[in-house]
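The opening position of the sequence shown corresponds to residue -11 in our numbering, with each subsequent residue numbered one higher.
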Amino acid sequence: MLPGLGALTAFAVAQREGANLEARFATRADNKAAMERFRDAASKHRDVESLLKDRRTLQVVLEAFQLEGEIDKRGILRKILTEDPTAEGSLANKLTDRRWRELAAAFATREASALTTTQIAALTTMQVASLTAKQVAGLSTEQVRALSSSQVAALSTTQLRALGSAAISVLDLPDVRALGSTQVAALRPSQVAALTPLQVAVIDPAEARQWGAAQIRALSSAQIATMGTEQVAALSTTQLAAMSFDQSRALTTRQVAALGTAQLASLSRATRAGDEAVEAAAAAEASAVSPFGADPKLLDRVVAGAITNRYEKAMGDGNAGLREALYFMRNASKVTTIVGLMEDKAMTAVVRGALGLPESFGVLDFDQQKTLLTQRLDITKLQDTREVAKLAQRFLALSAGTSSSGNGAVMALFGGSSASTIATLSTRRISFTA
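Here you go:
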């Protein structure tokens, strides 16, 4: 885009018309088709493993976080997309690159809430319904206990499925009674297994009839034995036939007496044969969590991020450094510390170029780089869009000459005593006011 203008002129145009340029870029036929294909494919993924096997869809996801070059690092991606990024030992917390943490946070399945139990109890049903699945998944057992029956009834099926097994098991009996038929039918097999026998016993017979084979097979012998005769009598022949041999033996004499002829015939087919296959299918369904299910806005965010990345790449074609300058403009306000700046290689490269430091700056150790950047850059200026623009402009103006600097340029300045040479460099603060 904008070929032949030169990077500085193209940057000036992007500053004035960037929103319009990107909007037109997004509506280009190839981009529209790519994003429509992505939305369709992403909605079909049931778990992270299937996403990792879909290279085209994964490519768009990584583009949204400027990580498309890491697409073949499947082991790292698997951990980033499945681990809790708030956990101390998570890979996201060990990696220094901010982009990995942003990816992990976006795809995290839970988001802890700071609300007290009193504040949770005071939420209106509309406020409860507006919680994201990620926020619901992050509720502690104490917070779930604080929910009223009307609040529980207000949960969507997506929100309800986001609750952990421990959270499901602490619902009060009135809360379980308040569940609607669509909610009961939506319970994951692992959630059904987590229900206490008394919780199972208070589920409306018509609602229990909505359970599929995997949910039925998730019931324990204790849960089945506690079911009321009305609940058992309401079970379909398909549900009874899905029971394992051990489950059928858990039925009490009174429960069996409540069954009709067709139901008894279906129940008699419950054998040990095929139990392992059915249970494996139930386990797979129980563990399947769509990587896009925790946040309804995630697809939109990925599409927007991927388009922005592609737009900046296109702007950089024929305009050396422009992609990096636009990326810097967009992300500078996120950086509040020198260490935070150094965690982003692209951002650091722009600052390095703007400060007139050669590429060999990268061979210095971390502490030397940090000291030099601290002394040469006022980090607070990254919160000022005008100062950020001046940095980007200076980077573009000087970038053509930086590549000609020899690898020894910075090391020569640091020759012998690193402390003294860093001090020398620090006195050469560049002004961005002119």
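Virtual Cβ for every residue (Gly too), placed ideally from N, Cα, C.
Treat the numbers as computed from the prediction; the structure is a model and nothing was measured.
Whose CA, out of the options, lies closest to the CA of residue i?
i, options, result
"Ser232", "Ala100, Leu255, Ser137", "Leu255"
"Arg176", "Leu161, Trp199, Ser169, Leu167", "Trp199"
"Ala246", "Thr325, Ala230, Thr217, Asp234", "Thr217"
"Ile59", "Lys67, Lys322, Gln47", "Gln47"
"Arg43", "Asn8, Phe53, Ala29", "Ala29"
"Arg340", "Ser387, Gln251, Arg298, Gln227", "Ser387"
"Arg237", "Asp18, Leu252, Leu286", "Leu252"
"Gly57", "Ser153, Asn297, Ser31", "Asn297"
"Leu452", "Ala202, Ala320, Ile326", "With the chain running from -11 to 422 in the structure shown, residue 452 is simply not present."
"Val168", "Ser157, Val180, Ser144, Ser153", "Per the sequence shown, residue 168 should be read as Gly rather than Val. Ranking Ser157, Val180, Ser144, Ser153 by Cα distance to Gly168 puts Ser144 first."
"Leu159", "Thr146, Gln139, Ala174", "Gln139"
"Thr325", "Thr362, Phe(-1), Leu345, Gln357", "Thr362"
"Thr112", "Gly248, Ser128, Ala142", "Ala142"
"Leu343", "Leu384, Ser31, Leu352, Phe(-1)", "Leu384"
"Leu228", "Met215, Ile204, Thr214, Arg242", "Ile204"
"Ala221", "Glu347, Ala308, Ala380, Gly248", "Gly248"
"Ala201", "Ala230, Leu223, Ser137", "Ala230"
"Arg318", "Asp366, Val49, Glu347, Leu379", "Leu379"
"Ser137", "Ile367, Leu161, Thr146", "Leu161"
"Ile295", "Pro346, Asp18, Val1", "Asp18"
"Asp35", "Lys322, Pro279, Tyr315, Phe349", "Pro279"
"Glu5", "Leu314, Thr214, Thr104, Thr170", "Leu314"
Given residue i, which residues of its chain have a CB within under 8 Å of its CB, disregarding the five upstream and five downstream residues?
i, result
"Arg62", "Leu40"
"Lys122", "Ala96, Thr97, Arg98, Glu99, Ala150, Ala282, Asp283"
"Ile418", "With a pLDDT of 36 at Ile418, under the threshold of 50, the modelled position of this residue cannot be trusted; read the value that follows with caution. Here the set comprises Ala342, Leu343, Gly344, Arg364, Arg382."
"Val172", "Ile191, Asp192, Glu195, Ala196, Gln198, Trp199"
What did DSSP end up calling residue i once you bin it into helix, strand or coil?
i, result
"Ser236", "helix"
"Pro162", "helix"
"Ile425", "Examination of residue 425 is not possible in this model, given that the chain is present from -11 through 422 alone."
"Phe53", "coil"
"Leu69", "helix"
"Asp85", "coil"
"Met399", "With a pLDDT of 34 at Met399, under the threshold of 50, the predicted position of this residue should be treated as unreliable, and no value is reported."
"Ser387", "helix"
"Lys122", "helix"
"Arg149", "helix"
"Glu99", "coil"
"Ala270", "Confidence at Ala270 is low in this model, with a pLDDT of 49, below 50, so its placement is unreliable and no value can be given for it."
"Gly428", "The structure shown does not extend to residue 428, since the chain is modelled only from -11 through 422, so no value can be given for it."
"Arg257", "coil"
"Ala245", "helix"
"Gly(-6)", "coil"
"Asp25", "Here residue 25 is Arg; the residue named in the question, Asp, does not match the sequence. Arg25: helix per DSSP, three-state reduction."
"Ala30", "helix"
"Asp18", "helix"
"Thr359", "helix"
"Gly350", "helix"
"Glu76", "coil"
"Ala142", "coil"
"Ala430", "With the chain running from -11 to 422 in the structure shown, residue 430 is simply not present."
"Asp335", "This sequence places Met at residue 335; Asp is not what is there. Note: Met335 maps to helix in three-state DSSP."
"Ala229", "helix"
"Thr112", "coil"
"Arg44", "helix"
"Gly344", "coil"
Might you give, ordered along the chain, the residues of its own chain that have their beta carbon closer than 7 Å to the beta carbon of residue i, omitting 5 neighbours on each side?
i, result
"Arg108", "Just to set this straight, residue 108 is Ile in the shown sequence, not Arg. Correct list, in chain order: Gln131, Ala134, Leu135."
"Ala100", "Thr74, Gly126"
"Ala68", "Reading the sequence as shown, one finds Ile at residue 68 and not Ala. Correct list, in chain order: Leu79, Ala80, Trp88, Leu91, Ala92."
"Thr84", "Glu331"
"Asp234", "Ser209"
"Lys20", "none"
"Tyr299", "Glu10, Phe13"
"Lys336", "Per the sequence presented here, residue 336 reads as Thr, with Lys not at that position. If we look at Thr336 and ignore the five residues flanking it on each side, its Cβ neighbours are Leu329, Met330."
"Asp72", "Ser78, Ala96, Arg98"
Between residue i and the rest of its own chain, which residues show a CB-CB distance below 6 Å, the 5 nearest in sequence each way excluded?
i, result
"Val164", "Gln187, Val190"
"Gln219", "Pro193, Ala196"
"Ala302", "Met(-11)"
"Gln211", "Pro185, Val188"
"Met23", "Val291"
"Arg260", "At Arg260, the pLDDT of 48 sits below 50, so the modelled position is not reliable and the matter cannot be decided from this model."
"Ala181", "Ala206"
"Ala250", "Thr225"
"Ala(-2)", "Leu(-10), Asn307, Leu310"
Hey, does residue i have any beta-carbon neighbour from chain B nearer than 8 Å?
i, result
"Gly6", "The structure shown has no chain B; it contains just one protein chain."
What residue ranges within the stretch 275 to 330 form continuous alpha helix (DSSP H) runs of no fewer than 4 residues, ordered along the chain? 286 to 304, 310 to 319, 326 to 330
Which complete alpha helix (DSSP H) runs does the stretch 152 to 223 hold, if anything under 4 residues is left out? 153 to 157, 161 to 165, 169 to 174, 177 to 182, 185 to 189, 193 to 196, 201 to 206, 209 to 214, 217 to 222
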